[in-house]
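One gets my numbering by counting positions in the sequence shown from 1 and adding 9 to each.
No residue lacks a Cβ here, since even glycine has one placed at the ideal position from N, Cα and C.
Small disclaimer: the values here were computed from a predicted structure and weren't measured.
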Amino acid sequence: MNIADSLPGMMNARTQSILEAAIKEYIKTGEPVSSRVLSKKYDFGVKDATIRNELSRLTKDGYLAQEHTSGGRVPTDKGYGLFVMHTYQNLLDSKRIINDRQTRLASGLKKGNVREAVKALSNETKALGVIQSGEDVYKTGLNDLFEQLNLDARQDLQEIIEDFESLDDRLAQFQKKFLQAASSPQVFIGKKSPITQSENLSVILDCYTVDGEKVIIAVIGPKRMDYDKNLKLLKGLHELYE
Numbered sequence: 010m011n012i013a014d015s016l017p018g019m020m021n022a023r024t025q026s027i028l029e030a031a032i033k034e035y036i037k038t039g040e041p042v043s044s045r046v047l048s049k050k051y052d053f054g055v056k057d058a059t060i061r062n063e064l065s066r067l068t069k070d071g072y073l074a075q076e077h078t079s080g081g082r083v084p085t086d087k088g089y090g091l092f093v094m095h096t097y098q099n100l101l102d103s104k105r106i107i108n109d110r111q112t113r114l115a116s117g118l119k120k121g122n123v124r125e126a127v128k129a130l131s132n133e134t135k136a137l138g139v140i141q142s143g144e145d146v147y148k149t150g151l152n153d154l155f156e157q158l159n160l161d162a163r164q165d166l167q168e169i170i171e172d173f174e175s176l177d178d179r180l181a182q183f184q185k186k187f188l189q190a191a192s193s194p195q196v197f198i199g200k201k202s203p204i205t206q207s208e209n210l211s212v213i214l215d216c217y218t219v220d221g222e223k224v225i226i227a228v229i230g231p232k233r234m235d236y237d238k239n240l241k242l243l244k245g246l247h248e249l250y251e
């Protein structure tokens with residue numbers, strides 16, 4: 010999904026704000042979100058019953074899922090996709106802000122100290138950090154990724170290990186197509202990712218020109234990753250290189 014060129018879905022402001030609130034709460038807690046929780050924490054200017062009806066509509070439209078009739082809702086890949094588009098659009102409209110973390114990461118790349126840069130990327134995002142510079146791929150943070158995912162199923166764990174081991178080859182295969190894309194970053198939710206196959210992951214891919222050479226950066230984390238924080242980090246790097 011090329012979020013820089015994507016348009017937000019057709020949805021009225023109240024419905025959109027309720028969806029975004031539900032996804033933010035789920036990212037924060039990892040627990041299904043109910044209308045009661047949203048009513049207590051957010052002021053939508055409507056009654057709890059109206060929020061409940063909005064959640065039902067969002068579930069019917071495929072943005073949320075409900076495992077149990079009386080339970081709360083969780084985001085679907087479609088819901089995450091729309092959330093990411095809105096999040097990125099808000100970042101594009103925000104003021105230019107550079108912080109020390111972005112400066113340190115950019116400095117590592119400019120000095121050719123990619124191993125330190127990828128460590129800084131992983132530490133900041135609490136996810137799997139990947140940097141492809143030339144023909145070399147640097148990656149770290151698998152333990153951080155497992156801690157964030159908190160998976161128990163053996164098959165799920167095995168898929169992620171296989172993804173980690175196959176990253177170099179998959180990124181090399183996708184590199185040309187990605188560099189030819191109109192713009193970046195690109196965000197892939199679940200199975201739509203070209204460099205991972207686990208349905209439990211989201212991938213943010215971005216590209217920078219460092220000392221005349223194209224460098225690809227990937228942040229690989231759970232679908233519950235902090236998209237706002239991670240996209241801000243990558244956007245800040247673009248501002249440093251402009």
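Query raised in the report: So who's on the other strand from E222, going by DSSP bridges?
Result: Here residue 222 corresponds to residue number 213 of the sequence shown, with the count starting at 1. DSSP, once it has assigned bridges, lists V219 as partnering E222.
Query raised in the report: Using the beta-carbon count (16 or more within 10 Å), is I225 buried or exposed?
Result: Here residue 225 corresponds to residue number 216 of the sequence shown, with the count starting at 1. Buried, because 16 or more other Cβ atoms sit within 10 Å of the Cβ of I225.
Query - Three-state secondary structure (DSSP) of V146 - result: As a first step, residue 146 must be located in the sequence shown, where it is residue number 137. It is a strand residue.
Requested in this report: Taking the CB atoms as reference points, tell me whether T38 and Y236 lie closer together than 7 Å.
Outcome: Taking the first residue of the sequence shown as 1, we reach residue 38 at position 29. Taking the first residue of the sequence shown as 1, we reach residue 236 at position 227. Cβ atoms of T38 and Y236: not closer than 7 Å.
Query raised in the report: So, is D109 buried or exposed, given that buried needs 16 or more other C-beta atoms within 10 angstroms?
Result: What you label residue 109 is simply residue 100 of the sequence shown in a count that begins at 1. Label assigned to D109: exposed.
Query - Candidates K200, L114, V46, L101: closest to R82 by CA position - result: Against the sequence shown, residue 82 aligns to sequence position 73. Of the listed residues, the one whose Cα sits closest to R82 is V46.
Query raised in the report: Using the beta-carbon count (16 or more within 10 Å), is D145 buried or exposed?
Result: As a working note, residue 145 is residue 136 in the sequence shown. Result: exposed.
Report task. Look up F155 in the DSSP assignment and say whether it is helix, strand or coil. Result -> Residue numbering aside, residue 155 sits at position 146 when the sequence shown is read from its first letter. In this structure, F155 counts as helix in the three-state DSSP scheme.
Query - Extent of the continuous alpha helix (DSSP H) to which P187 belongs - result: In the sequence shown, the residue the question calls residue 187 occupies position 178. A small correction: the amino acid at residue 187 is Phe; Pro does not occupy that position in the sequence shown. Counting along the chain, F187 sits inside the alpha helix (DSSP H) bounded by residues 163-188.
Query raised in the report: If A2 sits next to V123, beta carbons under 8 Å apart, how far is it from one beta carbon to the other, in whole angstroms?
Result: Because the chain here runs from 10 to 251, residue 2 falls outside it and cannot be looked at.
Query - 4-residue-minimum alpha helix (DSSP H) runs that sit fully inside the region 38-109, ordered along the chain - result: With a minimum length of 4 residues, the continuous alpha helix (DSSP H) runs that stay inside the region 38-109 are 44-50, 57-69, 86-102.
Query raised in the report: Does the separation of the CB atoms of S202 and C216 fall below 7 Å?
Result: On the sequence shown, residue 202 is found 193 positions in, with the first residue counted as 1. On the sequence shown, residue 216 is found 207 positions in, with the first residue counted as 1. Not closer than 7 Å, so no.
Query raised in the report: Considering only the beta carbon of each residue, do T134 and N239 sit closer than 7 Å?
Result: Reading the sequence shown from its first residue, position 125 is the one you call residue 134. Reading the sequence shown from its first residue, position 230 is the one you call residue 239. Yes, Cβ-Cβ distance for T134 and N239 is below 7 Å.
Query raised in the report: So which of D70, T78, K69, Y89 has the shortest CA-CA distance to A30?
Result: The count along the sequence shown starts at 1 and reaches residue 30 at position 21. Taking only the C-alpha atoms, the option nearest A30 is Y89.
Query raised in the report: If you check the beta carbons only, do T85 and A74 fall under 7 Å apart?
Result: Here residue 85 is taken as the residue at index 76 of the sequence shown, counted from 1. Here residue 74 is taken as the residue at index 65 of the sequence shown, counted from 1. In this structure, T85 sits near A74, with a CB-CB distance shorter than 7 Å.
Query raised in the report: So, using beta-carbon positions, are A115 and L242 closer together than 7 Å?
Result: Stepping through the sequence shown from its first residue, residue 115 is reached at position 106. Stepping through the sequence shown from its first residue, residue 242 is reached at position 233. Taking 7 Å as the Cβ cut-off, A115 and L242 do not qualify as a contacting pair.
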